[in-house]
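*Asks:* Under the working numbering, the first residue of the sequence shown carries the number 633, and numbering increases by one thereafter. Mind looking over this structure? Questions follow.
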Amino acid sequence: MWPTPMGRLRRAAALLALLSGILASSSVAAENKPLTENELKQLFTMLETSPHYKARLKAARALGMLRRPEAISHLVGCLKQDQDHAVRSGCAWALGSISHPGAVRELAAATGSEITLVKTQAERALNYILSDFPGNLPANARYRIQIDGLADRVNRNRELTKWIQQYFLDLLMQTPDRIDVGTDMDIEEDGERPDVQREFEPVVELTFRGGVTGITSPKDRKPGEVRVVVELEVLLEPVGAKAVPKKSLTGSASFAGGAKPKDDWTDDPLLESHKAALKKGVGGLFPEVKKVLKL
């Protein structure tokens, strides 16, 4: 049996009364008395299942006011799927209010909406988040990082390309377990694939770009010092905002001299010196990455 008009009105009134009660309790958040998990779940349920658009819109606004990162996946779902344009716009506003860089991909997609109300609010929310970036990266942010933008840009050497990715990968894997690393290289570590992606919500998507931009070696492979210039910038996907602006550092290492090995089975000492210099350059750049990403 379908609800009568009066029944629907009572249901709407009950939902709004419930929301009012939750919002009233949330007003004490400023006094360090945040919502209970049950109250937060009630807001999520209202946002996603209420048949009344006003209740869904109020829930979206409430979640934006609370600025809880746990709400992002729910608000993203609303932004993508809700049938009411005002509710979708409200979810975009809430994502901007939370100001978590993990929401930029969905907001960027929404800026292409044919619905002016949704498009405008998504643009405002996206601009608001980017205006604070990277300062608004939370201390507990989870990251999905692509490192295939790192390469040897001097000799297009696949060997050095592999090693610059490996050195950054080694350093990233030493940080707290908040990072998922992807790469187009088949790098293995302890028999496991570190580039298998795990799902994090919300996740901040970053790309490391740059690589080897300069190599200096002793003439005629005589003994001396080798230098490798390493360049790095870290970009927020898919919008290209800079988390770490372009920086470069020169690493150096000694080379004992000697001819290039005649076979491919013997390590080339010059390449080993290049790798040692490269590792120092990467190590010198990484502290800035840790600082910005709060690792």
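Yeah, the Cβ is synthetic: ideal placement off N, Cα and C, and Gly gets one too.
Give me, in chain order, the residues of the same chain whose beta-carbon lies closer than 7 Å to that of residue 917; leave out the 5 immediate sequence neighbours on both sides.
*Replies:* 862, 864, 879, 881
*Asks:* If residue 875 sits next to residue 838, beta carbons under 8 Å apart, how far is it from one beta carbon to the other, in whole angstroms?
*Replies:* 6 Å
*Asks:* Three-state secondary structure (DSSP) at residue 884?
*Replies:* Looking at residue 884 - three-state DSSP - the assignment turns out to be strand.
*Asks:* Over what stretch of residues does the beta strand (DSSP E) that includes residue 783 continue unbroken?
*Replies:* 774-784
*Asks:* Rounded to the nearest angstrom, how far is the Cβ of residue 779 from that of residue 813, given a contact under 8 Å?
*Replies:* 6 Å
*Asks:* Just grab the DSSP bridge partners of residue 812 for me.
*Replies:* DSSP, once it has assigned bridges, lists 776 as partnering residue 812.
*Asks:* Give the single residue among 670, 710, 700 whose Cα lies nearest to the Cα of residue 770.
*Replies:* 700
*Asks:* Report the CB separation of residue 758 from residue 743 in whole angstroms; it is logged as a contact under 8 Å.
*Replies:* 6 Å
*Asks:* Answer yes or no: do residue 688 and residue 678 have a C-beta to C-beta separation smaller than 8 Å?
*Replies:* yes
*Asks:* Thinking C-beta only, is residue 703 closer than 8 Å to residue 730?
*Replies:* yes
*Asks:* Select from 877, 708, 803, 802 the residue whose C-alpha is nearest the C-alpha of residue 680.
*Replies:* 708
*Asks:* Using three-state DSSP, classify residue 722 as helix, strand or coil.
*Replies:* Of the three classes helix, strand and coil, the one that applies to residue 722 here is helix, per DSSP.
*Asks:* Leaving out five residues on either side along the sequence, give the residues of the same chain with a beta carbon under 7 Å from the beta carbon of residue 907.
*Replies:* 795
*Asks:* Could you give the residue range of the beta strand (DSSP E) that holds residue 871?
*Replies:* DSSP places residue 871 outside any beta strand (DSSP E), giving it a letter other than H or E.
*Asks:* When you compare only the Cα positions, how much space is there between residue 818 and residue 675?
*Replies:* Since pLDDT at residue 818 reaches only 44, below the 50 mark, its modelled position is unreliable, and the value read off the structure follows with that caveat. Approximately 44 Å between the Cα atoms of the pair.
*Asks:* If we count the other Cβ atoms within 10 Å of its Cβ and call it buried at 16 or more, is residue 682 buried or exposed?
*Replies:* buried
*Asks:* From 877, 868, 897, 909, pick the residue whose C-alpha is nearest to that of residue 885; which is it?
*Replies:* 909
*Asks:* Tell me the rounded alpha-carbon separation between residue 926 and residue 920.
*Replies:* 10 Å
*Asks:* Give me the DSSP bridge partner(s) of residue 924.
*Replies:* Residue 924 pairs with nothing; no bridge assigned.
*Asks:* Could you work out which residue in 715, 697, 746 is closest to residue 728 when comparing CA atoms only?
*Replies:* Here the closest residue by C-alpha is 697.
*Asks:* Rounded to whole angstroms, what is the Cα-Cα separation between residue 662 and residue 767?
*Replies:* Because the pLDDT at residue 662 is just 40, under 50, the model does not fix this residue reliably, and the point stays unresolved.
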